[in-house]
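> I'd like to ask you about the structure that follows.
Number of protein chains: 2
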Amino acid sequence: MQSLGRHVLAEIYGCRFEALNDIKKVEDIMVNAALEAGAEIREVVFHKFSPQGVSGVVVISESHLAIHTWPELGYAALDVFTCGDRVNPWDACNYVAEMFGAGDMKASEVKRGLMEQPEERLVANM
Amino acid sequence: MQSLGRHVLAEIYGCRFEALNDIKKVEDIMVNAALEAGAEIREVVFHKFSPQGVSGVVVISESHLAIHTWPELGYAALDVFTCGDRVNPWDACNYVAEMFGAGDMKASEVKRGLMEQPEERLVANM
Numbered sequence: 021m022q023s024l025g026r027h028v029l030a031e032i033y034g035c036r037f038e039a040l041n042d043i044k045k046v047e048d049i050m051v052n053a054a055l056e057a058g059a060e061i062r063e064v065v066f067h068k069f070s071p072q073g074v075s076g077v078v079v080i081s082e083s084h085l086a087i088h089t090w091p092e093l094g095y096a097a098l099d100v101f102t103c104g105d106r107v108n109p110w111d112a113c114n115y116v117a118e119m120f121g122a123g124d125m126k127a128s129e130v131k132r133g134l135m136e137q138p139e140e141r142l143v144a145n146m
Numbered sequence: 021m022q023s024l025g026r027h028v029l030a031e032i033y034g035c036r037f038e039a040l041n042d043i044k045k046v047e048d049i050m051v052n053a054a055l056e057a058g059a060e061i062r063e064v065v066f067h068k069f070s071p072q073g074v075s076g077v078v079v080i081s082e083s084h085l086a087i088h089t090w091p092e093l094g095y096a097a098l099d100v101f102t103c104g105d106r107v108n109p110w111d112a113c114n115y116v117a118e119m120f121g122a123g124d125m126k127a128s129e130v131k132r133g134l135m136e137q138p139e140e141r142l143v144a145n146m
């Protein structure tokens with residue numbers, strides 16, 4: 021089975037309150053993470069919540085990066101979804117964790133869009 | 021362990037080309053999915069690719085919905101991430117699949133932001 025994309029879901033713990041609560045800083049880190057990984061940015065949108073927390077997304081040609089922060093818990097939920105072989109989602113993921121000064125990260129990769137390859141389809145039809 | 025959020029990752033197959041390639045239709049379906057599930061919309065951003073395909077995100081107070089479509093394959097990758105107990109991500113997910121006339125959907129739920137509860141921490145310290 022061939023997959024169209026790779027999706028890294030990362031739980032980032034032990035981050036600094038100030039970094040997670042600063043919308044400009046969060047946006048800069050996410051945009052730079054996309055660029056560091058070699059992605060092509062298409063749209064950027066971030067939102068600051070009251071009293072705290074930031075949510076935002078960077079839409080890239082290769083899919084997207086998304087983040088939601090809970091500054092009071094030192095926690096951020098990060099998604100990096102990339103299609104194609106050119107961009108490695110782990111590059112962006114590790115960059116974000118480093119920039120937030122994360123104490124701990126738990127991350128896993130999920131394959132997205134599993135498609136039968138032509139040979140597999142032929143075998144199934146025999 | 022208590023979780024902050026629920027994230028449904030859905031692979032939606034067998035959709036109509038025209039629906040998946042129409043940015044206005046994709047955006048409407050995603051916005052309505054958020055509203056149907058009772059979410060509060062904060063930001064909406066969609067992008068049309070050439071020659072085909074749409075990517076877009078609806079940032080909600082409860083986290084986000086994201087979609088990437090491959091009209092030529094009849095496939096869409098859908099994410100619905102919600103925090104709190106008020107919004108059920110499956111409501112939005114099922115709505116999107118239905119609106120695209122999906123022939124098949126494979127979806128799973130991932131818990132995001134697992135946190136130790138105070139009692140657990142106390143027990144661990146004893």
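These protein sequences, in sequence, are chains W and R. Its first residue numbered 21, the first sequence is counted upward by one per residue in our numbering. Its first residue numbered 21, the second sequence is counted upward by one per residue in our numbering. From the three backbone atoms N, C-alpha and C, an ideal C-beta is built for every residue, glycine too.
Along chain W, which residues have their Cβ under 9 Å away from the Cβ of residue 25(R)?
Taking the second sequence and counting its residues from 1, the one referred to as residue 25(R) is at position 5. The answer, in chain order, is 88 and 97.
> Terminal residues of the continuous alpha helix (DSSP H) containing residue 37(R)?
As a position in the second sequence, residue 37(R) is number 17, starting the count at 1. Residue 37(R) -> alpha helix (DSSP H) spans 37–40.
> With a threshold of 8 Å, are at least 3 pairs of Cβ atoms found where one atom belongs to the stretch 55–67 of chain W and the other to the stretch 106–113 of chain W?
A contact exists between the stretch 55–67 of chain W and the stretch 106–113 of chain W.
> Output yes or no for whether 8 Å exceeds the beta carbon distance between residue 103(R) and residue 82(R).
Working through the second sequence from its first residue, we reach residue 103(R) at position 83. Working through the second sequence from its first residue, we reach residue 82(R) at position 62. Contact: yes.
> Leaving aside the five residues before and after residue 31(R) along the sequence, list all residues of the same chain whose C-beta is less than 6 Å from its C-beta, in chain order.
The sequence position of residue 31(R) within the second sequence is 11, counting from 1. Same-chain partners within the cutoff: 126.
> Quick one: what does DSSP say residue 117(W) is sitting in, helix, strand or coil?
Within the first sequence, numbered from 1, the residue matching residue 117(W) stands at position 97. In the structure shown, residue 117(W) sits in a helix (DSSP, three-state: H, G or I).
> Can you give the Cα-Cα distance for residue 75(R) and residue 135(R), rounded to whole angstroms?
Indexing the second sequence from 1 puts residue 75(R) at position 55. Indexing the second sequence from 1 puts residue 135(R) at position 115. Cα to Cα, residue 75(R) sits roughly 32 Å from residue 135(R).
> Buried or exposed: where does residue 146(W) fall if 16 or more other Cβ atoms within 10 Å of its Cβ makes it buried?
Locating residue 146(W) in the first sequence gives position 126, counting from the first residue. Here the model assigns residue 146(W) a pLDDT of 46, short of 50, so the residue's position is not dependable and the matter cannot be decided.
> So, residue 66(R) versus residue 49(R), is the Cβ gap smaller than 8 Å?
Locating residue 66(R) in the second sequence gives position 46, where the first residue counts as 1. Locating residue 49(R) in the second sequence gives position 29, where the first residue counts as 1. Not in contact: residue 66(R) and residue 49(R) (Cβ atoms no closer than 8 Å).
> Going along the chain, which residues of its own chain have a beta-carbon closer than 7 Å to the beta-carbon of residue 25(R), five neighbours each way excluded?
Position 5 of the second sequence, counted from the first residue, corresponds to residue 25(R). Closer than 7 Å at the Cβ level, and outside the excluded window around residue 25(R), lie 83, 101, 102, 103, 132 and 133.
> Can you tell me whether residue 111(R) is helix, strand or coil according to DSSP?
Your numbering for residue 111(R) matches position 91 in the second sequence. Residue 111(R) falls in the helix class under three-state DSSP.
> Hey, is residue 146(W)'s beta-carbon within less than 8 Å of any beta-carbon in chain R?
Along the first sequence, one-based indexing puts residue 146(W) at 126. Residue placement at residue 146(W) is flagged as unreliable, the pLDDT there being 46, under the threshold of 50; a coordinate-derived value is accordingly withheld.
> State the Cα-Cα distance for the pair residue 29(W) and residue 86(W), rounded to the nearest angstrom.
Within the first sequence, numbered from 1, the residue matching residue 29(W) stands at position 9. Within the first sequence, numbered from 1, the residue matching residue 86(W) stands at position 66. Approximately 10 Å, taken between the alpha carbons.
> Can you check whether the C-beta of residue 40(R) is within less than 8 Å of a C-beta belonging to chain W?
On the second sequence, position 20 is the one that residue 40(R) refers to. Not an interface residue.
> Quick check: what's the CA-CA separation for residue 9(R) versus residue 41(W)?
This structure does not reach residue 9(R), given that chain R is present from 21 up to 146, and the question cannot be answered.
> Which residue comes first and which comes last in the alpha helix (DSSP H) that contains residue 29(W)?
Translated into positions along the first sequence, residue 29(W) becomes position 9. Careful: residue 29(W) lies outside any alpha helix (DSSP H), inside the beta strand (DSSP E) at 22–33.
> Using only alpha-carbon positions, find the residue among 80(W), 93(W), 99(W) and 73(W) that is nearest to residue 45(W).
Along the first sequence, read from residue 1 onward, the residue named residue 45(W) stands at position 25. The candidate whose alpha carbon is nearest that of residue 45(W) is 73(W).
> Closer than 9 Å by beta-carbon distance: list the chain W residues that pair up with residue 93(R), in chain order.
Looking up residue 93(R) in the second sequence gives position 73. The answer, in chain order, is 24, 133 and 135.
> Please tell me whether residue 115(W) and residue 53(W) are closer than 8 Å, where the distance is taken between their beta carbons.
Reading the first sequence from its first residue, position 95 is the one you call residue 115(W). Reading the first sequence from its first residue, position 33 is the one you call residue 53(W). Yes, Cβ-Cβ distance for residue 115(W) and residue 53(W) is below 8 Å.
> Can you have a look at residue 71(R) and say buried or exposed, based on whether 16 or more other CB atoms are within 10 angstroms of its CB?
Against the second sequence, residue 71(R) aligns to sequence position 51. Residue 71(R) should be labelled exposed.
> Where does residue 146(W) fall in DSSP's three states?
For the purposes of this step, residue 146(W) is identified with residue 126 of the first sequence, where counting begins at 1. Residue confidence for residue 146(W) is low, a pLDDT of 46 falling below 50, so the modelled location carries little weight and cannot support an answer.
> What in chain R is Cβ-close to residue 29(W), meaning under 9 Å?
Locating residue 29(W) in the first sequence gives position 9, counting from the first residue. Under the 9 Å cutoff, chain R gives 27, 29, 130 and 132.
> Residues of the stretch 38–71 of chain W in Cβ contact with chain R at a cutoff of 9 Å, in chain order, please.
Listed by position, the residues of the stretch 38–71 of chain W near chain R (Cβ gap below 9 Å) are 62, 63, 64, 65, 66, 67 and 69.
> Pick out whichever of 36(R), 23(R) and 64(R) has its Cα sitting closest to the Cα of residue 118(R).
On the second sequence, residue 118(R) is found 98 positions in, with the first residue counted as 1. Nearest of 36(R), 23(R) and 64(R) to residue 118(R), Cα basis: 36(R).
> Less than 8 Å between the beta carbons of residue 123(W) and residue 39(W), yes or no?
In the first sequence, residue 123(W) corresponds to position 103, counting from 1. In the first sequence, residue 39(W) corresponds to position 19, counting from 1. In this structure, residue 39(W) does not lie closer than 8 Å to residue 123(W) by Cβ.
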